[in-house]
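Enquirer: Just so you know, the sequences run in chain order A and B. Numbered according to our numbering, the first sequence spans residues 6 to 145. Numbered according to our numbering, the second sequence spans residues 6 to 145. Ideal placement from N, C-alpha and C gives every residue a C-beta, glycine not left out. To start, I am sharing the structure in question, which I have written as C-alpha cells.
2 protein chains.
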Amino acid sequence: MLGKITNVGEFLKSNDIKPSYQRMRIFEYLLGSKDHPTVDMIYKELIGEIPTLSKTTVYNTLNLFVEHGIVSRITIEENETRYDADTAVHGHFKCEKCEKVLDFVTDLSVLNIQDIKEFQINQQHLYFRGICSDCLKKGE
Amino acid sequence: MLGKITNVGEFLKSNDIKPSYQRMRIFEYLLGSKDHPTVDMIYKELIGEIPTLSKTTVYNTLNLFVEHGIVSRITIEENETRYDADTAVHGHFKCEKCEKVLDFVTDLSVLNIQDIKEFQINQQHLYFRGICSDCLKKGE
DNA sequence: ATGTTAATTTGTAATCGTTACAATTTTATA
DNA sequence: TATAAAATTGTAACGATTACAAATTAACAT
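Printed below as a string of C-alpha cells:
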C-alpha cells in the first residue's frame, strides 16, 4: 500500500507539509527501510549525506509526520521509539534474539470486543514478542 | 483471575521472591489498583505509609516482579511505563481525554496470523487509543 | 533585484525516566 | 552474638526527548 507514493514532494504537499530537503530525505528513508528505525538510526544514516543535519530536526520532522498522520509511532519497548511509514493497521513482532522488528498482516475486526463497544477507537496497536523462525533454526 | 491471591506473602514465596515489607506493599498496591500505575504513581502513594521508601526500590521491585512473571509491563506511550498485576493476555484502551487506561477482554487466538506461523510467541500485547464512552457523553 | 518577514534548521541546555553503584540497613545463619 | 548475605536507600550517571534561542533558508512584497 505504500508503493503508490512515487513523488515524495507531492505527497508531503498533499498532506500540508512543506517539502524541505530534510523532510523529504527523512520520509524517503522511512519508505525505503523495513526495520522500523529509531531516531538514532535515521540520524546516523542521513548524517552522511546531510552533514549539517541535527538530531533535533529528525525529532521535529518525525513529530510533524505523526501529527499529520503519514507516519506512525511504534512503542515496542520503553526507551525505544520506532517509526513506520506504513500507517495501516498491522502487527509487529520483535524477536528477542536478533532484535529485528517484523510486520505481520492481520484483521483485528474479527475480535469483536464487547468491553469497548461504545468507545471511539482512533488507534489500534498489536505487537508480539518471541523468537523468529530464523533464530529458532539457528538455536537447534 | 486475580481474586485467588489471598495471601500475598505466600504468593510471592511460591514465585521464589522473598516477601519483604516493601515488596508485599507494592504488590498489594498493584493488586488493588485498576489504573495500571506508573512507578511514580506507586511511589507517591506508598511514601505516605513507608516514609523511608526509595524510588530505586520501586524500580528494583517491579523489575523483579516482571522477571518472575507475576507482573507485566505495559508500554502504551513512550516515557510512560505502566505495570499490571494481571498477567493474562488482555487488551488495554487508553482514553486520550481522561488519560485512563482500561482493560478489555479479548481472545487473540481467532486472529490466525499466517506471517508468524512458525514463530515462538512469548508475549502478546494489544492496545487501542481513542475516547472512552464517558468522555464521549461529556463531549456532546 | 532587495529588503523584510516567516518558516525551518541547528546546537546547547534542560528535563525526565531509568539504571549504576556504593553505602547503609535489615535479615538469615553459624 | 558474630558474620555473611540480601534488601533497601540515596546520589550520581545515563540516554532519550524537548525547550529554547540563534542562525540559516525560503517566501514575498516593494
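#1: Is there at least one non-hydrogen atom of the ligand NAP closer than 7 Å to the beta-carbon of glutamate 123(A)?
#2: Is histidine 41(B) closer than 8 Å to tyrosine 88(B) when the C-beta atoms are compared?
#3: Using DSSP with H/G/I as helix, E/B as strand and the rest coil, what is isoleucine 47(B)?
#4: How far does the beta strand (DSSP E) with serine 77(B) in it reach, from first residue to last?
#5: To which residues of the same chain is phenylalanine 16(A) closer than 6 Å at the C-beta, ignoring the five residues directly before and after it?
#6: List the residues that DSSP assigns as beta-bridge partners of lysine 99(B).
#7: Please say whether glutamine 119(A) and leucine 141(B) have beta carbons closer to each other than 8 Å?
#8: Considering Cα atoms alone, identify which of Glu123(B), Leu69(B) and Lys105(B) is closest to proline 136(B).
#9: First and last residue of the alpha helix (DSSP H) that includes glutamate 158(B)?
#10: Give a yes or no on whether 8 Å exceeds the smallest Cβ distance from cysteine 103(B) to chain A.
#11: Hey, how far is the Cα of serine 25(A) from the Cα of histidine 97(A)?
#12: Is the distance from the Cβ of valine 71(B) to the Cβ of isoleucine 47(B) below 8 Å?
#13: Quick one: give me the first and last residue of the alpha helix (DSSP H) that threonine 86(A) is part of.
#14: Output the distance between the C-alpha atoms of lysine 179(B) and phenylalanine 32(B), rounded to the nearest integer angstrom.
Expert: Reading from the atomic positions:
#1: With respect to small molecules bound, the structure shown includes none, and the ligand NAP cannot be examined in it.
#2: yes
#3: helix
#4: 77-82
#5: Ile10
#6: Val106(B) and Arg134(B)
#7: no
#8: A small fix is needed here, since residue 136(B) is isoleucine in this sequence, not proline. Nearest option by C-alpha distance: Lys105(B).
#9: Past the boundaries of the shown model lies residue 158(B); chain B is included only from 6 to 145, so the question cannot be answered.
#10: no
#11: 30 Å
#12: no
#13: Element bounds for threonine 86(A): not the alpha helix (DSSP H) but the beta strand (DSSP E), 85-89.
#14: In the structure as shown, chain B begins at 6 and stops at 145. Residue 179(B) is therefore absent and cannot be evaluated.
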